[in-house]
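Residue numbers (this note's numbering): 1116 to 1444. The structure under discussion appears below in the form of structure tokens.
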């Protein structure tokens, strides 16, 4: 099999809150992305992104718990091998694979795993590494978070997000150019150009990493707290809790995401997003995404006290969501 006959894999990476899932939802909503298999990985006990993507891609696959590039290396091999088996049996029809990494993942170990595994390498090729970067952040983010710098260095294409919310940081584009001058630069709003890049058959990632890169560790001391919200809450009470948290702990709380049911709204619920001090407007859901009526909230950051998080969201009946609780639910 020639390289161009192999199934292309595109890896979508980017730091916490950059907008990876939003980008994938936009892409999958386009007819030209039909035939795309999607694998999503998240950091934390609760998986949420796959529920939101399922609105436009019902068959999305999820790799729960941990980081795709390290703790679950065996799972990426198993998942891709499983996709090949389903395709051979006629149970899945796809011609491209998108892998969304967690916000703390380095794409290099994924590239190394696929490229060095004899079975996967015979069927797949790494088409590209797309790294999504929040247009509002400047170079200081890379000094604070080496994972973000590592992601940028691996990019074949950099996708600048959230330009609809304002012009990119003045220092961001020069920083990208100086750090990774060979990477293409695209805007997340320009979906047609991104799809054209992903669908270009002759594109092949120039990134090559030795097999030793197939294992990685994170050194940021970042952890997550996952909460089950057992009852609907008023929008005011939730906004007050969230606002106080980001005001008091915004530098430490790197990412907040969740799905929440509100007692003072007839709509089924909303997706909630926040990045450090920035709160985004709720995204109202057309329907509740699964059979579990509980809301869910994931908080990622440094020195997070789980008991403090439960207390702050007590109005929503907050309780810690642990793997044991998941099984008992």
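No residue lacks a Cβ here, since even glycine has one placed at the ideal position from N, Cα and C.
Local Cβ density within 10 Å of residue i, reported as buried at 16 or more and exposed below that
i	result
residue 1378	exposed
residue 1221	buried
residue 1372	buried
residue 1136	buried
residue 1330	Bear in mind that a pLDDT of 45 at residue 1330, under 50, signals an unreliable position, so the model cannot answer this.
residue 1156	buried
residue 1134	buried
residue 1382	exposed
residue 1197	exposed
residue 1327	Residue placement at residue 1327 is flagged as unreliable, the pLDDT there being 46, under the threshold of 50; a coordinate-derived value is accordingly withheld.
residue 1117	exposed
residue 1223	buried
residue 1386	buried
Enclosing beta strand (DSSP E) for residue i [first to last residue]
i	result
residue 1224	Counting along the chain, residue 1224 falls outside any beta strand (DSSP E), though it belongs to the alpha helix (DSSP H) covering 1222-1231.
residue 1123	1122-1128
residue 1346	No beta strand (DSSP E) holds residue 1346; DSSP gives it neither H nor E.
residue 1241	1239-1249
residue 1380	Where residue 1380 is concerned, there is no enclosing beta strand (DSSP E), given that its DSSP letter is neither H nor E.
residue 1284	That residue, residue 1284, is in no beta strand (DSSP E); it is neither H nor E in DSSP.
Own chain, CB closer than 7 Å to residue i, minus 5 neighbours either side, in chain order
i	result
residue 1283	1250 and 1275
residue 1151	1143, 1209, 1211 and 1213
residue 1432	1344, 1345 and 1346
residue 1232	1192
residue 1314	1147
residue 1302	1275 and 1278
Range covered by the alpha helix (DSSP H) that runs through residue i
i	result
residue 1308	1306-1314
residue 1291	1287-1294
residue 1200	1188-1203
residue 1266	1261-1269
residue 1423	1421-1427
residue 1136	1135-1143
Residue i and residue j closer than 9 Å at C-beta
i	j	result
residue 1306	residue 1141	yes
residue 1271	residue 1245	yes
residue 1374	residue 1351	no
residue 1225	residue 1126	yes
residue 1389	residue 1362	no
residue 1261	residue 1119	no
residue 1123	residue 1239	yes
residue 1318	residue 1243	yes
Same chain, Cβ closer than 6 Å to residue i, five either side skipped, listed in chain order
i	result
residue 1376	1347, 1384 and 1410
residue 1291	1273
residue 1340	1414, 1419, 1421 and 1424
residue 1256	1263
residue 1265	1221
residue 1199	1238
Straight-line Cα distance separating residue j from residue i
i	j	result
residue 1184	residue 1356	A caution first: residue 1184 carries a pLDDT of 34, below 50, which makes its placement in the model unreliable, though a value can still be read off. Cα to Cα, residue 1184 sits roughly 33 Å from residue 1356.
residue 1253	residue 1286	6 Å
residue 1424	residue 1398	22 Å
residue 1234	residue 1263	30 Å
residue 1194	residue 1279	35 Å
residue 1215	residue 1269	14 Å
residue 1189	residue 1395	Residue confidence for residue 1189 is low, a pLDDT of 49 falling below 50, so the modelled location carries little weight and cannot support an answer.
residue 1429	residue 1241	46 Å
residue 1405	residue 1297	42 Å
residue 1228	residue 1380	46 Å
residue 1217	residue 1130	8 Å
residue 1439	residue 1407	At residue 1439, the pLDDT of 47 sits below 50, so the modelled position is not reliable; the number obtained from the coordinates is stated separately. In a straight line, the C-alpha of residue 1439 is about 16 Å away from that of residue 1407.
residue 1205	residue 1403	31 Å
residue 1434	residue 1392	24 Å
residue 1349	residue 1277	28 Å
residue 1300	residue 1219	21 Å
residue 1247	residue 1128	6 Å
residue 1207	residue 1364	45 Å
8 Å Cβ shell around residue i - same chain, five flanking residues per side excluded
i	result
residue 1359	1427
residue 1295	1267, 1268, 1270 and 1273
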